[in-house]
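So for the sequence shown, this note's numbering puts the first residue at 9; every next one is plus one. All C-beta atoms in this analysis are idealised placements derived from N, C-alpha and C, irrespective of residue type, glycine included. Quick notes on the structure that follows.
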Amino acid sequence: MNFFKTSILSGINNVITMALGLVTNNFIARFAGAEGFAIIGQLKDFLKISLSLGQLGFDKGIIKYTSVHKNSNKKLANYLSTIFISQLAIAGFIALITIIFNQELLTYLTGLKNYYNYFVLIGLSILPMVFYTSGMSVLNGLHEIKKFTLISIVANIIGSTVAILLIYKYELKGVLINLALFQFINFSIFILFVLRKPFKTNWFKNKFHKKEFRDLTRFSLMSICGVLVLSITLIAIRKYLTTYLGLEYTGYWEGLWRLSTIFTTMLTSAFGFYLLPTFSKLYTKHLRKEIFNIWKLTIPISILAGILLIILREFVITLVYTKEFLIISSLLIFQVLGDIIKINSWILGNLILAKVHVTFISVQICWSVVFFTLSIVLTQQLGFIGIAVAYLITYLLHFIFMNLYFRKLLWRKLPRI
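Spelled out as structure tokens, the structure:
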């Protein structure tokens, strides 16, 4: 399936996801308030950490090796059975630890002391969350984009409907219940769609293979590092903001971060299906051409979308949340400028993953240190707006570094053959 068809299908899914997300966010804002957003943000990042560790960071590796071996049933079965066995063991262990230490974890993350039973449900949801995400990566690698999109749409519609009902009836408790229930809904829908085709049961009946496991772990450090660095940084920033400005302002920042995520996801996920499999197969001359062709689309589109969002920011904030969240209006300008840079820097980030550059780990750690440090310094100097300025500066530095790192590929003249 070519790039444009993939982009159209992904775009349809993104529009539906965004619409449902807007409604859900509005319900959270109305019934859980800014403080609720701060608590939800901490728990979602905990789930992201659990997902990354439970998957062993195999997500990009699954896409790569499924794409490479999709026509070899035996080789594909070796990889998928290895993935299933290893993730079952690790994700099961993480779920068990989460359930056993539910009180300590919940108190550290959120300060809540009366919701321990709901955190147990979140612990139980880790296994289906891991298997759903890995299964969707397999579909991506098989280029089953139509089925991938359909599963995403159905899961989002059902999950969002359940979320709205739970939030309306139980407010913050409903949000916590939904965080766990959503993972079971996703996995159940996935199983219904792939039980007969394109999945084959014999793919998962094989034994554990050390060679395939070693191949997959080539991606693990980079993938796990990326998620851990971002999630731990966000958790640390929320805890700092809660101490320095209060839980309410932490919730406002979480609202800003969610708008930013919606904006960047809309523009990047359309390319996500295409970039990693493509970059894995291309070499210098064609790779450079491919990057600049993608930039010809992403740069003007991201700039135009960003300008539109800035112009309509007060309307968008009120639509997505409530008037209470208009406090983030001035911050959104800096956040969107950072997002535009991030989107176009993200293209080169996929190149690092595709070519398995261990430099990715160092880049992510440096990004984390810079963002966290600037957030503290600029918040103390500029107030609440400082955290959005820190985001913009961090991604500007990131984009400059990525271009310097790939200067030979991107900017050095290639010799004529």
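*asked:* Buried or exposed for Arg415, going by 16 or more other Cβ atoms inside 10 Å?
replied: Exposed, by the Cβ-count rule.
*Spatial neighbours of Trp211 within its chain, please: CB distance less than 6 Å, with the 5 preceding and 5 following residues excluded, ordered by chain position.*
Excluding residues within five positions, the ones whose Cβ falls inside 6 Å are Ala85 and Leu88.
_Distance check for Ile351 and Pro308, CA to CA, integer angstroms please._
Going by the C-alpha atoms only, they are around 11 Å apart.
_Close-in-space but distant-in-sequence residues of the same chain around Pro423 (CB under 8 Å, 5 per side omitted)_ = No answer about Pro423 holds up, because its pLDDT of 49 lies below 50 and its placement is not dependable.
_Terminal residues of the alpha helix (DSSP H) in which Tyr329 lies_ = Taken as a continuous stretch (DSSP letters only), Tyr329 belongs to no alpha helix (DSSP H), as it is neither H nor E.
*Measuring alpha carbon to alpha carbon, tell me which of Leu132, Gly391, Ile355 and Gly29 ends up nearest Ala163.*
When each option's Cα is compared against that of Ala163, the closest is Gly29.
*Cα separation between Ile36 and Thr25?*
Rounded to the nearest angstrom, the two C-alpha atoms are 16 Å apart.
*Please work out which residues of its chain come closer than 7 Å, Cβ to Cβ, to Leu290, disregarding the five sequence neighbours upstream and downstream, and give them in chain order.*
Any reading at Leu290 is ruled out, since the residue's pLDDT is 47, under 50, leaving its predicted position unreliable.
*Hey, could you find the ends of the alpha helix (DSSP H) Glu179 is sitting in?*
Following the DSSP letters along the chain, one finds Glu179 in no alpha helix (DSSP H), marked with neither H nor E.
*For the putative contact between Leu1 and Leu104, defined by C-beta atoms under 8 Å, what is the C-beta separation to the nearest angstrom?*
With the chain running from 9 to 425 in the structure shown, residue 1 is simply not present.
*Check whether the segment 134-153 touches the segment 58-66, counting contact only when three or more Cβ pairs, one atom from each stretch, lie closer than 8 Å.*
Contact between the segment 134-153 and the segment 58-66 is present, because at least three Cβ pairs lie under 8 Å.
*Gln111 to Asn21 span [Cα, whole Å]*: Going by the C-alpha atoms only, they are around 37 Å apart.
*With 16 other CB atoms within 10 Å as the buried threshold, where does Ile408 fall?*
Exposed, because fewer than 16 other Cβ atoms sit within 10 Å of the Cβ of Ile408.
*If we ignore side chains and look at the alpha-carbon of each, how far apart do Leu253 and Glu332 end up?*
Looking at the backbone, the Cα of Leu253 and that of Glu332 are separated by about 16 Å.
*By how many angstroms is the C-alpha of Ile134 removed from the C-alpha of Ile199?*
About 16 Å.
_C-beta atoms of Ser145 and Asp223 nearer than 7 Å_ = It is not a contact, given that the beta carbons lie outside the stated cut-off.
_I believe Gly44 touches Gly259 by the beta-carbon criterion, under 8 Å. Please report the beta-carbon distance rounded to the nearest angstrom._
Confirmed, Cβ separation roughly 7 Å.
*Would you report the Cα separation of Tyr413 and Tyr399, rounded to the nearest angstrom?*
The alpha-carbon atoms of Tyr413 and Tyr399 are separated by roughly 21 Å.
*Are three or more beta carbon pairs between the segment 262-273 and the segment 313-331 nearer than 8 Å?*
Between the segment 262-273 and the segment 313-331 there are three or more inter-stretch CB-CB distances shorter than 8 Å, so the stretches are counted as touching.
*In this structure, does DSSP put Leu284 in helix, strand or coil?*
Confidence in Leu284 is poor, its pLDDT being 49 and thus under 50, which makes the residue's placement unreliable; the coordinate value appears in the next sentence. Leu284 falls in the helix class under three-state DSSP.
_Start and end residues, alpha helix (DSSP H) containing Pro136_ = Unbroken alpha helix (DSSP H) run through Pro136: Ile134 to Gly149.
*To the nearest angstrom, how far is it from the Cα of Leu320 to the Cα of Ser310?*
So the two alpha carbons sit approximately 15 Å from each other.
*Just mark Thr241 as buried or exposed, buried being the case when its beta carbon has 16 or more other beta carbons within 10 Å.*
Classification of Thr241: buried, given that the 10 Å Cβ count is 16 or more.
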